[in-house]
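In our numbering, the protein residues as written are 10 to 218. Note that the Cβ used here is the ideal one computed from N, Cα and C, for glycine as well.
Structure, rendered in structure tokens:
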């Protein structure tokens, strides 16, 4: 009789403990995934110098992300741009034109998903610092800071400069703009190696307050 009573007391005490225990304790540890349902993209075209992300998905619950291991077939073209190569999502950077296959694999298995990445030469253009807010005072000068870019990559600094409104502004071969009289001037900037790459910027010429 005493034994039965003691068993009931212990059972009641354990039940009370379970009610106060977080649910996560009973959910179990994160488990190793056994399948990858899909990858965010199976083929992708990226401009040279750009960063991009890929992600894998599984319908399993409580999986440990570190079992997803990423790699690139050519690190010179597409490289992992993250702290390590594990996780259900990963950042990459396009370093060189060409193609590379990015693979996400479950560690220790042959289960994987791939994405073919094509890196192309980006748009080549003239990039001018503060081009939307370029101002010079009458009788003073300001430097134009410009480069030729392909995507995010600087490919040249060899430029020519020409004033399209010489009565308002003049410019020398180094990109130094001189304000002659108040108004809005126009400066044409061209690549020395490819004259088809050009840009016209506006310059506000103002009196010194």
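Open item on the list: Using the three-state DSSP reduction, which class does residue 100 fall into: helix, strand or coil?
Closed with: Reduced to three states, the DSSP call for residue 100 is strand.
Query raised in the report: Three-state secondary structure (DSSP) at residue 142?
Result: In this structure, residue 142 counts as helix in the three-state DSSP scheme.
Could you pull out every residue in the same chain whose Cβ sits closer than 8 Å to the Cβ of residue 281, ignoring the five residues on either side in sequence? Any property of residue 281 remains undetermined from this structure, which presents the chain solely from 10 to 218.
Pick out the complete beta strand (DSSP E) segments inside the region 64 to 102, 3 residues or longer, and give them in chain order.
Counting only runs that start and end inside the region 64 to 102, the beta strand (DSSP E) elements of at least 3 residues fall at 77 to 81, 87 to 89.
Buried or exposed for residue 160, please, with buried defined as at least 16 other CB atoms from any protein chain shown within 10 angstroms of its CB.
Flag for residue 160 reads buried.
Coarse secondary structure for residue 116, derived from DSSP in three states
Coil.
Practice prompt. Take the Cβ of residue 194 as the centre, count every other Cβ of all protein chains shown within 10 Å, and call the residue buried at 16 or more, exposed below.
Written response: Under this definition residue 194 is a buried residue.
Checklist entry - Among 128, 151, 156, which has the Cα closest to the Cα of residue 136? => result Residue 156 is the option with its Cα nearest to residue 136.
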